Every structure is written in C-alpha cells, then in structure tokens.
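K.L.:
In UniProt numbering, the protein residues as written are 1 to 118. Quick one: the structure is below, and I'll ask about it shortly.
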Amino acid sequence: MPGSVFTPQRVAIAVTCAASLVVCCGLAWWQWQRFSSAGGTFQNLGYVLQWPLFGLFPAFVVWRIRRLEAREDAEPPEAAPEPVVTVDPVRTPARDDEDDELAAYNRYLAELNARDQR
C-alpha cells in the first residue's frame with residue numbers, strides 16, 4: 001500500500017527510539033539510586049540528568065531529518081546557471097580536429113571552474 005503510515009522502516013525507527021528512551025531512563029533511575037546511596041556523588045546526579053537526554057536524542061534526529069526533508073521538498077529546484085566559459089587567448093576555443101571526448105572534458109573543467117568562481 002503506497003503512502004502507508006506504518007511501513008516496516010518507520011516501525012523499526014519508532015521501536016528503536018522507544019527502546020532507547022526506555023533503556024536510558026532505566027540507566028537514569030540506576031544513577032539516581034547510586035546518588036541516593038551513602039556513596040553517591042554529584043557525578044551520579046549529573047548522569048541522572050544526562051541519560052534521559054541521550055534517550056531522546058534518536059527521536060530528535062528523526063524529527064530533524066524529517067524537517068530538513070520537508071524543507072527540501074518545499075523549495076523549488078534551482079535552475080542550473082549557464083556555465084561561464086572563458087577563452088584562453090593562447091589557444092583557439094575549438095578546433096575541427098579536436099577530439100570529442102577531450103572537448104567534453106574541457107567543458108566539464110570549465111563548468112567546475114565557473115562553480116568555483118561563485
């Protein structure tokens with residue numbers, strides 16, 4: 001079914017994001033228990049705050065990628081500018097006996113040069 005909301009790839013991504021959040025919240029709980037114990041330090045408290053952020057990071061990445069793709073789809077494609085071909089005064093621009101493959105390569109190099117000049 002084209003355009004389906006529940007594709008295997010999307011389900012796998014959602015499961016991975018959810019599993020990441022659950023595991024990292026479990027690790028945050030473990031660090032809280034360590035902080036609450038007699039030997040707990042403020043480093044453990046720092047980890048309590050860090051682990052949920054680590055768990056949310058995969059969901060943030062998915063959200064960011066989708067947002068960038070939507071922005072890219074919304075923008076009209078840029079028209080390729082005409083390449084600026086400069087003529088070397090020492091050489092003639094094109095000769096009848098010039099190889100077609102060499103001429104195509106030279107056009108490609110001129111295009112690259114024009115892109116670098118922008």
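For glycine and all other residues, C-beta sits at the position ideal for the given N, C-alpha and C. It should be emphasised that the depicted structure is a prediction, and the values quoted were computed from it without experimental measurement.
Just reading off the alpha helix (DSSP H) that Arg71 is part of, what are its end residues?
P.N.:
As a working mapping, residue 71 is identified with position 71 in the sequence shown. Where Arg71 is concerned, the enclosing alpha helix (DSSP H) stretches over 42-74.
K.L.:
Please check the pair Gly55 and Ser20, which I expect to be a contact at CB under 8 Å, by giving their CB distance rounded to whole angstroms.
P.N.:
If you number the sequence shown from 1, residue 55 lands on position 55. If you number the sequence shown from 1, residue 20 lands on position 20. Confirmed, about 5 Å.
K.L.:
Would Cys25 pass as a contact of Pro58 if the rule is Cβ separation under 7 Å?
P.N.:
Residue 25 sits at position 25 when you count from the first residue of the sequence shown. Residue 58 sits at position 58 when you count from the first residue of the sequence shown. In this structure, Pro58 does not lie closer than 7 Å to Cys25 by Cβ.
K.L.:
If we call anything under 7 Å between Cβ atoms a contact, is Pro51 one with Ala28?
P.N.:
For the purposes of this step, residue 51 is taken as residue 51 along the sequence shown, with counting starting at 1. For the purposes of this step, residue 28 is taken as residue 28 along the sequence shown, with counting starting at 1. For clarity, residue 51 is Trp in the given sequence; the question names Pro instead. It is a contact, given that the beta carbons lie within the stated cut-off.
K.L.:
Ile13 and Val61 - do their beta-carbons sit closer together than 7 Å?
P.N.:
As a working mapping, residue 61 is identified with position 61 in the sequence shown. As a working mapping, residue 13 is identified with position 13 in the sequence shown. No, these two residues do not count as a Cβ contact at 7 Å.
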